[in-house]
Amino acid sequence: MKGVVNKGLQELVEHTHGEETWETIRQVVNCDVNSFWPAQDYPDELTIALFIATARHLHVSPDEIMVEFGKFWLNNTGKNVYPKLFALVGNNSRDFLRKLDFIHQQATISLPGTRGFQLRSEELPDGGLRMFYTSDLPLCPVLHGLILGAGIHFNQTLQVQEMQCTRRGDPECAFDVHFTDACPATTPPAAAAADCRDEIEYQQVLQ
């Protein structure tokens, strides 16, 4: 996993709960890295362990942390690390989300060894957008957070519903997104589809 992910989680925790909280989490997983370099490779197991340890320390589910991470990463870490790229992807949530895979491709094009995931989207008959996520890592809640983060970034309220999840046996994860007129963004409950969100599934990645 590229360090830009771990860096974003560190910044989220330090921003919302302070540096001491992150230091505690880092020690729990025996992480000896004080500062993550965005382009450097780090073990996937470390990233998953950091998400789990953060969730446990804050008494929330791993999925809730990943959703909050996605929202924070898009509006802070990602925008700061890739400012020129973020400036080229439209001026509304729909255009941004339709180009999310392009953003990922361009952000990692110069980073050999990136463990990939695939994003794609398709228009829905009712005017919504269906976002698909395919990866061998159980990080689909991050996409949920990125979608909500796009709404925050463009000052739009987005309604997001999880339609498919590989953790339920579906071939890929999918979220339906519906757009409203520009207005202050709100955060839907992060516990949607909680029946497929069990910490055990994340622990299996470490085995």
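Each residue of the sequence shown is one higher than the last, beginning at 1 in UniProt numbering.
For each residue, glycine too, the CB sits at the ideal point set by N, CA and C.
Residue i (DSSP reduced to helix, strand or coil)
i, result
"His59", "coil"
"Lys2", "strand"
"Phe36", "coil"
Cβ neighbours of residue i in the same chain (closer than 7 Å, five flanking residues each side left out)
i, result
"Val81", "Val4, Pro38"
"Arg120", "Asp101, Phe132"
Residue i, enclosing beta strand (DSSP E) - first and last residue
i, result
"Phe132", "129-134"
"Val81", "No beta strand (DSSP E) holds Val81; the alpha helix (DSSP H) holding it covers 77-81."
"Val160", "156-164"
"Ser121", "118-123"
Length of the line joining the Cα atoms of residue i and residue j
i, j, result
"Pro171", "Leu46", "26 Å"
"Pro184", "Phe117", "Note that Pro184 scores 39 on pLDDT, short of 50, meaning its location in the model is unreliable and no value can be drawn from it."
"Met131", "Glu20", "36 Å"
"Leu50", "Met66", "11 Å"
"Glu123", "Asn91", "18 Å"
"Tyr133", "Lys99", "14 Å"
"Gly151", "Ser93", "6 Å"
"Val33", "Pro125", "47 Å"
"Gly18", "Thr77", "16 Å"
"Val29", "Gly127", "44 Å"
"Gly169", "Met163", "12 Å"
"Pro189", "Leu85", "Low local confidence applies: a pLDDT of 37 at Pro189 is under 50, so the model's placement there is unreliable, with the coordinate-based value given in what follows. So the alpha carbons of these two residues sit roughly 30 Å apart."
Residues near residue i by beta carbon distance below 8 Å, same chain, minus five either side
i, result
"Trp22", "Gln10, Val13, Glu14"
Alpha helix (DSSP H) segment containing residue i, residue limits
i, result
"Trp22", "19-28"
"Val142", "140-153"
Beta-carbon contacts of residue i that lie in its chain and below 6 Å, excluding the five residues immediately before and after
i, result
"Trp73", "Gly8"
"Gln27", "none"
In DSSP terms, what residue i is bridged to
i, result
"Cys173", "Tyr133"
"Phe179", "Leu158"
"Asp101", "BP columns for Asp101 are empty, so no partner."
"Asp126", "Answer is none; Asp126 lacks a bridge partner."
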